[in-house]
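Asks: Provided herewith is a single structure, encoded as structure tokens, for subsequent inquiry.
Number of protein chains: 2
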Amino acid sequence: MTSNVKTVNVALCGAGIVGGGVCQIIKERQEVFKTLGIQFNIKTILVRNVSKKRDFELPAGAKLTDNVEDIFSDDSIDLIVEVMGGLGAAKTVVFGGLKAKKSVVTANKALISYHLNEIEELVNTFSKDGSRFAFEAAVGGGIPVIKSLQRDIIGADDVMQVSGILNGTTNYMLTKMDQTGCSYEAALKEAQDLGFAEADPTADVEGHDARSKISLLCRLTLGVWIKDEDISCTGISTLTADDFEYAKILRSKIKLLGICKKVNNGTGAEIYVSPVIVPISNTISSTNGATNIVEVRSKYLGTTYYVGAGAGRFPTATSIVGDMLEISLNKSPKPFPLKQNLTQHTDYPGRFYIRINIRDATGIIRTVGAICENEGVSIHSVLQIPITDKQNVPFVITTDETLASKVKVVVDSLEKQPWCLKRPVALPFL
Amino acid sequence: MTSNVKTVNVALCGAGIVGGGVCQIIKERQEVFKTLGIQFNIKTILVRNVSKKRDFELPAGAKLTDNVEDIFSDDSIDLIVEVMGGLGAAKTVVFGGLKAKKSVVTANKALISYHLNEIEELVNTFSKDGSRFAFEAAVGGGIPVIKSLQRDIIGADDVMQVSGILNGTTNYMLTKMDQTGCSYEAALKEAQDLGFAEADPTADVEGHDARSKISLLCRLTLGVWIKDEDISCTGISTLTADDFEYAKILRSKIKLLGICKKVNNGTGAEIYVSPVIVPISNTISSTNGATNIVEVRSKYLGTTYYVGAGAGRFPTATSIVGDMLEISLNKSPKPFPLKQNLTQHTDYPGRFYIRINIRDATGIIRTVGAICENEGVSIHSVLQIPITDKQNVPFVITTDETLASKVKVVVDSLEKQPWCLKRPVALPFL
Numbered sequence: 012m013t014s015n016v017k018t019v020n021v022a023l024c025g026a027g028i029v030g031g032g033v034c035q036i037i038k039e040r041q042e043v044f045k046t047l048g049i050q051f052n053i054k055t056i057l058v059r060n061v062s063k064k065r066d067f068e069l070p071a072g073a074k075l076t077d078n079v080e081d082i083f084s085d086d087s088i089d090l091i092v093e094v095m096g097g098l099g100a101a102k103t104v105v106f107g108g109l110k111a112k113k114s115v116v117t118a119n120k121a122l123i124s125y126h127l128n129e130i131e132e133l134v135n136t137f138s139k140d141g142s143r144f145a146f147e148a149a150v151g152g153g154i155p156v157i158k159s160l161q162r163d164i165i166g167a168d169d170v171m172q173v174s175g176i177l178n179g180t181t182n183y184m185l186t187k188m189d190q191t192g193c194s195y196e197a198a199l200k201e202a203q204d205l206g207f208a209e210a211d212p213t214a215d216v217e218g219h220d221a222r223s224k225i226s227l228l229c230r231l232t233l234g235v236w237i238k239d240e241d242i243s244c245t246g247i248s249t250l251t252a253d254d255f256e257y258a259k260i261l262r263s264k265i266k267l268l269g270i271c272k273k274v275n276n277g278t279g280a281e282i283y284v285s286p287v288i289v290p291i292s293n294t295i296s297s298t299n300g301a302t303n304i305v306e307v308r309s310k311y312l313g314t315t316y317y318v319g320a321g322a323g324r325f326p327t328a329t330s331i332v333g334d335m336l337e338i339s340l341n342k343s344p345k346p347f348p349l350k351q352n353l354t355q356h357t358d359y360p361g362r363f364y365i366r367i368n369i370r371d372a373t374g375i376i377r378t379v380g381a382i383c384e385n386e387g388v389s390i391h392s393v394l395q396i397p398i399t400d401k402q403n404v405p406f407v408i409t410t411d412e413t414l415a416s417k418v419k420v421v422v423d424s425l426e427k428q429p430w431c432l433k434r435p436v437a438l439p440f441l
Numbered sequence: 012m013t014s015n016v017k018t019v020n021v022a023l024c025g026a027g028i029v030g031g032g033v034c035q036i037i038k039e040r041q042e043v044f045k046t047l048g049i050q051f052n053i054k055t056i057l058v059r060n061v062s063k064k065r066d067f068e069l070p071a072g073a074k075l076t077d078n079v080e081d082i083f084s085d086d087s088i089d090l091i092v093e094v095m096g097g098l099g100a101a102k103t104v105v106f107g108g109l110k111a112k113k114s115v116v117t118a119n120k121a122l123i124s125y126h127l128n129e130i131e132e133l134v135n136t137f138s139k140d141g142s143r144f145a146f147e148a149a150v151g152g153g154i155p156v157i158k159s160l161q162r163d164i165i166g167a168d169d170v171m172q173v174s175g176i177l178n179g180t181t182n183y184m185l186t187k188m189d190q191t192g193c194s195y196e197a198a199l200k201e202a203q204d205l206g207f208a209e210a211d212p213t214a215d216v217e218g219h220d221a222r223s224k225i226s227l228l229c230r231l232t233l234g235v236w237i238k239d240e241d242i243s244c245t246g247i248s249t250l251t252a253d254d255f256e257y258a259k260i261l262r263s264k265i266k267l268l269g270i271c272k273k274v275n276n277g278t279g280a281e282i283y284v285s286p287v288i289v290p291i292s293n294t295i296s297s298t299n300g301a302t303n304i305v306e307v308r309s310k311y312l313g314t315t316y317y318v319g320a321g322a323g324r325f326p327t328a329t330s331i332v333g334d335m336l337e338i339s340l341n342k343s344p345k346p347f348p349l350k351q352n353l354t355q356h357t358d359y360p361g362r363f364y365i366r367i368n369i370r371d372a373t374g375i376i377r378t379v380g381a382i383c384e385n386e387g388v389s390i391h392s393v394l395q396i397p398i399t400d401k402q403n404v405p406f407v408i409t410t411d412e413t414l415a416s417k418v419k420v421v422v423d424s425l426e427k428q429p430w431c432l433k434r435p436v437a438l439p440f441l
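So the protein lines, in turn, are chains A and B. Quick note on my numbering: the first sequence kicks off at 12 and runs consecutively. Quick note on my numbering: the second sequence kicks off at 12 and runs consecutively.
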């Protein structure tokens, strides 16, 4: 078998957590790759600082450089692996690599979701020359969901909705809040202490990371690209321990989901990121800790789930090495085959949970009822956990089917009431 | 885009539930396929009885035949889809098709698991000429787990264990028994009335269907083929309502699983089918009804799950059409790349649940304790739900880590006791 082993020269851009994982997997599995007909030679490693000490053994013979031109100008390099992250140098690497007619593998969801159109044009242009672009690690870390969607589902089937826990940090925090009753602040501190959350946690807790990923999944499954800034995005920082107590009463869990779906008989697309009330009967509700899950609802297949580690050195690196193998074995599909002319609907229908923090007084229920009635929002139930502090009573209404826009007007009105202590929190039901 | 559309001539063998689904999906999605560069023409349909009425509209222009030679001798046919099932005519179709250098797609897990070696040889011989063999629908119906394993996981990663709910009929029955407390017989009758279970339910309830599937998954992931008849297989027909009551006490569910795993530092393989006590913290436990789930534990990726409909016209047909697309777009990987020299271990370690039905008497616990002690099996706990009938008391012991072979000796000894009403039921913990 090893007589026809092709050597694939690789430039690794980034030598951090994921880059180290890629090096280690390649080292440990090279003999298996040879039985498949290839071997990887990590020829060049692009880093910011060539003298910085790494937490892994650099591959034998690899040349460290801080100059990306060393890669673009090296004709022997077939494949670029971008694991630097961010929108700066990573963009230079990905765009420059494709233009230099090299195949590119990246884990960079932010880069792809921000520059999807440009990347797609580059890929369409240069794939004619055999170069390929793959990004399995960009969504769901180690879960091979991108390839399942691209290759197994969107051809044979018509995807109606994709919903997922796409950010492990926030899912870790929400699981903690659910299981211990702790505050948002305590859950964040613990996630930071454990290294799950960054010092500046904004990208995670405000849902921006999940937003990039659902944007990408929406492009892949519904065939329409909606820019990050056009996606309604609510994070988890306004959630309190009370919300988890109410969720239990509703036999549900609270999960930060990215959701995209076809609406209006397949002419429109809805997309948003929000904490969502998920009934415990749905597999999403029992996906805990840093685990990610993607639920795909499609016409013929029905509902499928893909569950696994959403981040981490080896899970992410496995996806990258999988992409490297597929490209090198010349089996990578052309990306983005699906294009559909769907109109984005910024509004969306659903049932909603609204938590209102009030100073206890008379007439509040009547006023809440009147505000909802004015907007045509029908109240499904009123929930009240035992009151412990009359100066700050969290109570919840759930609505019948209505529109997110109407709920926003209701929340705006409620916020203006003298007894309303802070802006009410509205969450859709799944 | 449509200027370069290649027509792929297809012979559909079998025009039942799944065959009808394949025809309908192709009809409805032909325009999408054209944008990918191909269209399917179902030219010939092989059936037993050409005059039988079908429950779906036959494709325009398709010729019905009961003679398989019409397919083998037709050089214009590129692709054979086998959805007849069984080991008779289906074998003729699959083997003959590969020998006639046509690509073959099948959903037939029994055929593949019984004839894996011969099929593999045929595929290796004829894939050189470009013909391909695919069988996504053979395991987990609509879940694209075979391709994820073959393409995304076994190259880049080292699979340690695969466990799955691989049979929807029995999972439907177990879910019913768990949720309603009904008997095995009542659950079977309901499944039969609903058309989930056959008049002769043996293949499902005795685990033979799940066994074919885990045999196949074992071959794919561990690289070793273990014949169906060499796989330890326990079905669900000895389970009673009591077992589900005891499972609740153990904060677990009972699921019929096929399990294969690497043991002895990667030199051995263990494989069995059995009802298993699954803790409610594992996603497998909440997979209910006819849904299938496959859990994959691998070295780098950790634990991933693939969940979806395990059977049914459209889920199964989606997998078949996905295979047809992939083969026609010339992207299908060569199957079975992984071969490992693992020794089968027919014994396996684990913790066990043993339910013993007794006629109440004194000295029973002492005798049970002595039997376990003689065999070196350590008892972890003794469980007793309230006794309603002193003539038939089900009680349960759980063991500490031991070997299946020792548990079997314990069960044999217990069965011989005068107070033991029937053979005790032993189930491993996941």
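For glycine and all other residues, C-beta sits at the position ideal for the given N, C-alpha and C. Since this is a predicted model, take the numbers as computed values, not measurements.
1) Measure the C-alpha to C-alpha separation of LEU160(B) and THR232(B) and round it to an integer number of angstroms.
2) DSSP state of HIS391(B), grouped into three classes?
3) Which residues does DSSP list as the beta-bridge partners of TYR317(A)?
4) Is there contact here, the region 217-236 of chain A with the region 361-368 of chain A, by at least three beta-carbon pairs under 8 Å?
5) So what's TYR359(B) in DSSP terms, helix, strand or just coil?
6) Please classify ASP392(B): is it buried, with 16 or more other beta-carbons within 10 angstroms of its beta-carbon, or exposed?
7) Taking ILE331(A) and VAL94(A) to be in contact with their CB atoms under 8 Å, please state how far apart those CB atoms are, rounded to whole angstroms.
8) Would you list, in sequence order, the uninterrupted beta strand (DSSP E) runs of no fewer than 3 residues that lie entirely inside the region 161-247 of chain A?
9) State buried or exposed for SER309(A), treating a residue as buried only when at least 16 other CB atoms are found within 10 Å of its CB.
10) To the nearest angstrom, report how far apart MET188(B) and LYS417(A) are at their CA atoms.
11) Starting from CYS431(B), follow the alpha helix (DSSP H) in both directions and report where the run begins and ends.
12) By the 8 Å beta-carbon criterion, what residues does the region 153-182 of chain A contribute toward chain B?
13) Just the C-alpha distance for ALA148(B) and ASP81(A), rounded to the nearest angstrom, thanks.
14) Check whether the Cβ atoms of TYR257(B) and VAL407(B) sit closer than 8 Å, and answer yes or no.
15) Step through the CB atoms of chain A and report whether any lies within less than 8 Å of the CB of THR399(B).
16) Cα separation between VAL33(A) and GLY218(A)?
17) Whose Cβ in chain B lies nearer than 7 Å to the Cβ of GLU337(A)?
18) Consider the Cβ of ILE36(B): report whether some Cβ of chain A lies at a distance smaller than 8 Å.
19) For the beta strand (DSSP E) containing TYR283(A), name the first residue and the last one.
20) Can you give me the Cβ contacts of ILE28(B) inside the same chain, cut-off strictly under 6 Å, excluding the 5 residues immediately before and after it?
21) Quick check on ARG366(B): does DSSP put it in helix, strand or coil?
22) Assuming ALA415(A) and ASP358(A) make a contact with CB atoms under 8 Å, what is their CB distance in whole Å?
23) Along the chain, where does the beta strand (DSSP E) containing PRO405(A) start, and where does it finish?
24) In whole angstroms, what is the alpha-carbon distance linking THR13(A) and VAL19(A)?
25) Does DSSP classify THR6(B) as helix, strand or coil?
26) Can you name the residues of chain A whose CB is closer than 9 Å to the CB of ARG222(B)?
27) Can you tell me which of the three DSSP states VAL94(A) falls into?
28) Within a Cβ cutoff of 7 Å, which residues of the same chain sit near GLY246(A), ignoring the five residues on either side of it in sequence?
29) Would a C-beta distance cut-off of 8 Å place ALA101(B) and LEU122(B) closer than the cut-off?
30) Taking the C-alpha atoms as reference points, what is the distance between GLU384(A) and VAL284(A)?
31) Quick one: what's got a C-beta closer than 7 Å to TRP236(A)'s C-beta in the same chain, skipping five residues either side?
32) Mind checking who SER452(B) pairs with in its DSSP beta bridge?
33) Which residues does DSSP list as the beta-bridge partners of GLY269(A)?
34) What would DSSP say about ALA111(B), mapped onto helix, strand or coil?
35) Using the beta-carbon of each residue, which ones in chain B are nearer than 8 Å to THR294(A)?
36) Taking the beta strand (DSSP E) that LYS419(B) belongs to, which residues open and close that run?
Replies: In short, the structure shows the following:
1) 7 Å
2) strand
3) VAL305(A), TYR317(B)
4) no
5) coil
6) A small fix is needed here, since residue 392(B) is Ser in this sequence, not Asp. That one is exposed.
7) 7 Å
8) 170-176
9) buried
10) 44 Å
11) Neither: CYS431(B) is in no alpha helix (DSSP H) and is coded neither H nor E.
12) GLY153, ILE154, PRO155, LYS158, SER159, ARG162, ASP163, ILE164, GLY166, ALA167, ASP168, ASP169
13) 47 Å
14) yes
15) no
16) 27 Å
17) ARG162
18) yes
19) 279-290
20) ARG324
21) strand
22) 6 Å
23) 404-410
24) At THR13(A), the pLDDT of 45 sits below 50, so the modelled position is not reliable and the matter cannot be decided from this model.
25) Nothing in the structure corresponds to residue 6(B), since chain B is present only between 12 and 441.
26) Near ARG222(B) there are no residues of chain A at all, since even the closest Cβ is about 24 Å away, more than 9 Å.
27) coil
28) VAL216, GLU217, GLY218
29) yes
30) 27 Å
31) LEU127, ASN128, ARG230
32) Here chain B has residues from 12 to 441 only, and residue 452(B) is not among them.
33) GLY175(A), VAL284(A)
34) coil
35) THR294, SER297, THR298, VAL318
36) Unbroken run through LYS419(B) is the alpha helix (DSSP H), 415-426; no beta strand (DSSP E).
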